[in-house]
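In the working numbering, the protein residues as written are 4 to 641.
A virtual CB, placed ideally from N, CA and C, is assigned to each residue, including glycine.
Computed from a prediction, not measured in an experiment: that's the story for all the values here.
So the structure is just underneath, and the comments pick up after that.
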Ligand SMILES: [Zn+2]
């Protein structure tokens, strides 16, 4: 039988040994997830002669990383002492984390440029003297507990991580004895509905799951979770899971796979990895508080941390013998990604949008629309209805300012926000208009996980719009930390806030399915001077959606555990244009502008009527096939 694709391990090995001079002293060559790690006793020589590695990468078509042999690394405490000697005082070293698996030290500093030194001179000096390589990161203006916990956890699980990366690498580069072919996609969730997004992609050789979400509007497992019970799905032969972004309707069911023994990789952007841990842990807390049984435990959430391989936008990565993955900016929330899959050396190419915004926001650049090749596009349709055209961003902002100003006259504004995404966007808008004087100045109270999510935003400034990134990186300003904002830390502060003067309250959860927003709502609902402002999509069946459609009386459990009836007198407002989703016009523009033009489109992640409306819009377009797949449907793509 003939191999059809990549070089074997033996061929790679001999190629490396031929191309690297013997004095560099290679001790091991190993797969490290999708990369190839070359261990040497003299890592500094390969760093100084960087051409050797880039030439080699061209020959073997793999990403190569240089690792120092553990036997030559100086002990951690000694390395710390040497680093303090090398780094100039004004680099502002805050803390350092060791990663013994990679032989890497993460150095958190105030001034990365100073720490790196001219032409990387300090980094080279550190490698020479300690044999650890260093990874310089800017110390975030607001420290994040989640990121710290993830780093500590990875450190404590370094042996497991090492084993996982090696096994994953061997699986990705396993020999392939059949030609690539039989590309099929099965909708396990998110077909003609918003929620529980999950799409299974299979070829003759591989199987990949795109997203693994929950449906926040459903309670029974058959509707709430992806249909992993379909015969097409086999957990033991799954090569990879790719997560487009951290919202629970895209990643909320992922820990369940680990609970049932999944041991393979999860690919996503670095910010998605951090936000996902935060949101999955919170999901467990919320369920426990409500006396419901979560479908997995925090141990399963931690397993994801060990199994996650973070990727930057544009980084092309082999994820199985016949599939290459690249993530691109989706403009929806921090770290949100469009997923590009290149199958079988050009046999077929897929773009899966996850949730995306093809328009300007304060926080992010619009979604990418140019790809090397695309035949099949799987695109969200949240706002795919004929009337889902929102006003321009500028009109939206002035409408929002007008509503807030009218409420702040006598009352208070309550804004339910998902902790990640809309919360930070609305914070930026409020800060901008209060500073310019167009919005009445008033205290803005923020409660419920928003502050931790905001801290994670400041840790990844390169994923933010250039305007906000530059404020954080170069102007020493942090718009998330403006004087207008007050973080509510204790629940007993709520009464005082509600009884006090005019103010804005932003609280989770975004669809009012629980969380502190309910506590404020109970206290504020009966006063017609107050207003509830929806700024994000409300899934059918959630309390948010029912209030939005005019519900006048709500039964909620009171603090005494008894059912309370709340009469709703407060004003209801919906401002659509802040959505992190593309509206109808942006969806259509995206398909038209996409380069190259796709040949087949699947409209998903929208209510049935919206997906069907999008199909209607496109079915007459020449050379294009449009579908709205249902859950359980399988399509053959190539
Ligand atoms: Zn989303």
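Span separating the alpha-carbon of residue i from that of residue j
i: residue 242; j: residue 341; result: 19 Å
i: residue 464; j: residue 476; result: 7 Å
i: residue 284; j: residue 517; result: 15 Å
i: residue 206; j: residue 186; result: 4 Å
i: residue 380; j: residue 413; result: 49 Å
i: residue 479; j: residue 390; result: 43 Å
i: residue 454; j: residue 461; result: 11 Å
i: residue 235; j: residue 192; result: 13 Å
i: residue 178; j: residue 258; result: 30 Å
i: residue 115; j: residue 89; result: 14 Å
i: residue 357; j: residue 427; result: 20 Å
i: residue 500; j: residue 363; result: 33 Å
i: residue 665; j: residue 314; result: As shown, the chain starts at 4 and ends at 641. That puts residue 665 outside it, with no answer to give.
i: residue 532; j: residue 609; result: 35 Å
i: residue 601; j: residue 435; result: 39 Å
i: residue 2; j: residue 74; result: Within the shown structure, residues of the chain are numbered from 4 to 641, placing residue 2 beyond reach of any answer.
i: residue 515; j: residue 571; result: 14 Å
i: residue 204; j: residue 101; result: 37 Å
i: residue 387; j: residue 587; result: 5 Å
i: residue 361; j: residue 590; result: 7 Å
i: residue 382; j: residue 447; result: 36 Å
i: residue 308; j: residue 154; result: 9 Å
i: residue 502; j: residue 574; result: 18 Å
i: residue 481; j: residue 634; result: 44 Å
i: residue 138; j: residue 550; result: 49 Å
i: residue 368; j: residue 469; result: 8 Å
Whole-number beta carbon distance between residue j and residue i, since they are thought to touch under 8 Å
i: residue 194; j: residue 618; result: Actually they do not touch by this definition, with Cβ atoms about 12 Å apart.
i: residue 251; j: residue 219; result: 7 Å
i: residue 429; j: residue 420; result: 6 Å
i: residue 33; j: residue 169; result: 6 Å
i: residue 249; j: residue 282; result: 6 Å
i: residue 406; j: residue 534; result: 7 Å
i: residue 247; j: residue 339; result: 6 Å
i: residue 53; j: residue 136; result: Their Cβ separation, rounded to whole angstroms, is 13 Å, which puts residue 53 and residue 136 out of contact at 8 Å.
i: residue 355; j: residue 331; result: Actually they do not touch by this definition, with Cβ atoms about 11 Å apart.
i: residue 528; j: residue 519; result: Rounded, the Cβ-Cβ distance is 15 Å, inconsistent with contact.
i: residue 513; j: residue 336; result: Rounded, the Cβ-Cβ distance is 12 Å, inconsistent with contact.
i: residue 110; j: residue 118; result: 6 Å
Pick from the options that is closest to residue i, judged by C-alpha positions
i: residue 196; options: 632, 637 and 641; result: 632
i: residue 172; options: 478, 116, 320 and 377; result: 320
i: residue 122; options: 51, 299 and 611; result: 51
i: residue 217; options: 260, 165 and 178; result: 260
i: residue 210; options: 267, 262, 253 and 247; result: 267
i: residue 134; options: 42, 182 and 163; result: 42
i: residue 639; options: 154, 470 and 605; result: 605
i: residue 508; options: 536, 493, 486 and 484; result: 536
i: residue 581; options: 402, 354 and 23; result: 402
i: residue 525; options: 369, 497 and 552; result: 497
i: residue 418; options: 376, 337 and 506; result: 506
i: residue 36; options: 159, 106 and 175; result: 175
i: residue 67; options: 80, 49 and 77; result: 49
i: residue 373; options: 157, 239, 353 and 365; result: 353
i: residue 83; options: 64, 108, 103 and 294; result: 108
i: residue 230; options: 545, 77, 239 and 202; result: 202
i: residue 416; options: 456, 24, 577 and 545; result: 577
i: residue 546; options: 564, 530, 569 and 371; result: 569
i: residue 60; options: 85, 553, 603 and 19; result: 19
i: residue 490; options: 457, 474, 297 and 472; result: 457
Residue i: CB within 7 Å of a non-hydrogen atom of ligand 1
i: residue 336; result: yes
i: residue 331; result: no
i: residue 248; result: yes
i: residue 253; result: yes
i: residue 358; result: yes
**Q.** Cβ pair count under 8 Å reaching 3, the stretch 140-156 against the stretch 260-278
**A.** yes
Do three or more CB pairs link the stretch 87-104 to the stretch 8-24 at distances below 8 Å?
no
Evaluate the contact criterion for the stretch 541-557 versus the stretch 344-356: three or more CB pairs, one atom per stretch, below 8 Å. no
- Query: Do the stretch 433-449 and the stretch 555-568 meet, that is, are 3 or more Cβ pairs less than 8 Å apart?
  - Reply: no
Using 8 Å as the threshold, is the stretch 619-626 in touch with the stretch 402-416, meaning 3 or more CB pairs across them? no
Given 8 Å, three or more beta-carbon pairs between the stretch 135-142 and the stretch 285-295
no
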